[in-house]
Amino acid sequence: MVTPDLAPRNGSPPATRRGGPAFGATALIGWVALSAVLPGAAHLRAGRWRSGLVLLSCYLTVVVAVVFVAAGADAGLAGRALGWLGQISLVFAACAVAWFWLVIRSYVVLRPGRLPRRGQVLTGLVAGVLAVVVAVPFAIAARYVRVSEQTLDSLFAAPAGSGQAGGAVRRDDPWAGRDRVNVLLLGGDWGDDRIGMRTDSINVASVDVRTGNTVLLGLPRNLEHVRFPPGSAMATRFPFGFQLPEYRPGWREDLLFSVWQYANDHPELFGGRRNMGAEVLKETVGHILGLRIDWYALANIWGFAKMIDALGGLVVTVDRDIVYGLHNEGVVRSGTRRLSGTEALWFARSRTFSDDFDRMHRQRCVLGALLSQADPATVLTRFTEIAAATRRIISTDVPRPMLEHLVPLAWKVKHAAITSLQFVPPLINTAYPDWDRIRLLTAKAIRASAHTQAGPSATPSGSPTAFSSAPGRHRHRHSPSPSPTPVLSPLGTPSPIDDGCGAHMAMAR
């Protein structure tokens, strides 16, 4: 059966009139759709050779250029692209407008006015929908790139007092002639409803800029009698190490995890400069290890709850009821269920009726669920919420211009050997640390890293550090004497990251 909008009522083919051939509705929409993926096709079919060839030539030139760039793309290009996000966002926005115009213009040049009224209405609606469909992906990409730029600008704006703001980075030698960079990796807890901030996870990533081989150096949060660099304000205040009066009998706050907050609370030690916690902790950890710390990155463990909520929660199997809260008022019920961000955080952190070993397994479970659920589809559909949560989670003093060079370095690290040296008992005595021994073992670990080959055993085991917070008041405990040999080995053997999740772990959808 021939419908009125598809062909003339007498059944003859559409007449050719001056200005180009006439089309039925189906053919017209087909050529418009083809033009959406092959610009200029409709113009050529309508007899507009010049404009059609120009559109087609421009399109093919761009496609060839994109393929050529993609074929030679590497981590260096990805790093440089981070500095062009504003321009890339504008390009995507321009593409959205251009493709919308292209579809509409392709529809117009095919002269839909020759169709019956019903055919004009139907083809016009289809062409309009098609124009929106092809423009929306470019518009979304422009939005996501813009959000990414805002997130990076927010994360990598040097904090006040850090001394990192501004400063040119040499493109030919971003590392200033050094063969290693050292980044202080911290896990802490702070927020509007909390007083101060404790750095409960303290690690240093020492990276060989040539090979990417990395040594992770872990310091215990409860390290006592911390020494400060000679001549520094903290060394003048504490010439015999970091010592404060007991908070109450048997409880101490003059431990390594309190250095950041103490420096922030006493700007008078630094000539009135505020927010000196990051700089002081960098100098302190560098002095302990005998390294120069270049930058720090701090993750807020409480912010991970917002990240999990942004992902839509986590579905995990809880073996037994997990009690939490100051007065045991909360409970995460057993069973396979979706956990909110707050529930997932307490599931990972609670030690009520439990111990550190059990909590470690639950932390691995949460991290495994987080990695499993954060698939590309989920990230894309919740990109804006995730970006907003990231801004509240991460704090760093890495200068924005350094990202161009850190991205290719991170790529090297991913394919290089990663070894770990954790300064924990019995390797050291946390109550009376042997500072010379710590520096000696650090230097030995770095030398050994240069001869370590990447392999399966160098893959991180997945134990998270971001969830390793403990209560703010730390009981004073003397540690046993150190053993004579360092614990230097590849960063754990590969093991399922969802250990501790019960029989199985479901992935949220």
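For what it's worth, full-length UniProt numbering labels the leading residue of the sequence shown as 1, then goes sequentially. Heads up, the beta-carbon is just placed ideally off N, CA and C, and yes, glycines get one too.
Secondary structure of residue i, DSSP reduced to three states
i	result
Val183	strand
Gly83	helix
Gln422	strand
Tyr324	strand
Thr284	helix
Ser106	helix
Ile428	coil
Val134	helix
Asp200	strand
Asp434	coil
Arg237	helix
Leu122	helix
Val63	helix
Ser354	coil
Leu269	helix
Gly52	helix
Thr452	coil
Gly290	coil
Gly163	With a pLDDT of only 47 at Gly163, under the threshold of 50, the placement of this residue in the model should not be trusted, and no figure is reported.
Leu219	strand
Gly188	strand
Asp309	helix
Gly30	helix
Leu90	helix
His474	Residue placement at His474 cannot be trusted, given a pLDDT of 44 that sits under 50; what the coordinates show is reported in the next sentence. Correct three-state label for His474: strand.
Trp99	helix
Gln261	helix
Gln243	coil
Met402	helix
Trp411	helix
Ala369	helix
Phe68	helix
Option in the options with minimal Cα separation from residue i
i	options	result
Leu28	Leu125, Tyr59, Val63 and Val62	Leu125
Pro245	His415, Val32 and Glu224	Glu224
Asp189	Val67, Arg292, Asp434 and Ile394	Ile394
Phe257	Gly330, Met197 and Ile322	Met197
Arg227	Thr284, Leu269 and Arg178	Thr284
Arg400	Gly303, Glu149 and Leu409	Glu149
Phe242	Asp173, Gly47, Ala431 and Leu155	Ala431
Leu102	Gln87, Arg320 and His43	His43
Leu409	Gly290, Leu56, Leu77 and Leu370	Leu77
Gly86	Val121, Thr151 and Arg362	Thr151
Asn328	Leu55, Ser334, Trp346 and Arg274	Trp346
Ser106	Ala33, Gly113, Val133 and Gln120	Ala33
Thr342	Phe304, Ala233, Thr26 and Arg292	Phe304
Ala233	Asp200, Thr199 and Gly271	Gly271
Counterpart residues of residue i in DSSP-defined beta bridges
i	result
Gly224	With the sequence shown as reference, residue 224 is identified as Glu, and Gly is not the correct amino acid for it. DSSP output for Glu224 lists Leu255 as bridge partner(s).
Thr396	Ala297
Val315	Arg338
Asp208	Arg180
Thr214	Val207 and Ile418
Val331	Val323
Proximal residues to residue i (C-beta, below 7 Å), its chain only, five neighbours per side dropped
i	result
Gly277	Trp260, Gln261, Ala263 and Asn264
Val181	Trp175, Val207, Val209 and Asp294
Ala135	Ala96, Trp99 and Phe100
Ser154	Arg391
Ala374	Leu311
residue 598	The structure shown has nothing for residue 598, since the chain only spans 1 to 509.
Leu82	Leu152, Leu403, Glu404 and Val407
Ser334	Val318, Asp319, Arg320 and Asp321
Pro39	Leu55, Leu56, Tyr59 and Leu102
Min CB distance residue i to chain B below 8 Å
i	result
Ile288	Annotation note: the requested chain B is absent from the structure, which comprises a single protein chain.
Close beta carbons around residue i, own chain, < 6 Å, minus the five adjacent residues each side
i	result
Ser449	Asn213, Val215 and Thr419
Phe357	Residue confidence for Phe357 is low, a pLDDT of 45 falling below 50, so the modelled location carries little weight; the figure read from the coordinates is stated next. Here the set comprises nothing.
residue 510	Shown here, the chain extends from 1 to 509; a query on residue 510 therefore has no answer.
Asn10	Because Asn10 sits at a pLDDT of 44, beneath the cut-off of 50, its placement in the model cannot be relied upon, and the point is left open.
Gly52	Gly40, His43 and Leu44
Residues of its chain near residue i, where Cβ-Cβ distance is below 8 Å and the 5 sequence neighbours each way are ignored
i	result
Val147	Phe383, Thr384 and Ala387
Gln453	Ala417
Leu406	Gly79 and Val398
Ser489	Low per-residue confidence applies at Ser489: pLDDT is 45, beneath 50, and the placement is therefore not dependable, though the value from the model is reported in the following sentence. Counting only Cβ-Cβ distances below 8 Å, and skipping sequence neighbours, we find Thr419 and Ser420.
Residue i Cβ short of 7 Å to the ligand ZN heavy atom set
i	result
Leu403	Summarising the ligand content, the structure contains no ligands, and the ligand ZN is consequently not present.
> Is it true that the region 376 to 383 meets the region 295 to 314, where meeting means three or more beta-carbon pairs spaced less than 8 Å apart?
Replying inline: yes
>> Between the region 76 to 92 and the region 125 to 142, can you find at least three pairs of beta-carbon atoms closer than 8 Å?
In response: yes
> Okay, do the region 424 to 441 and the region 213 to 233 touch, 3+ Cβ pairs below 8 Å being the bar?
Replying inline: yes
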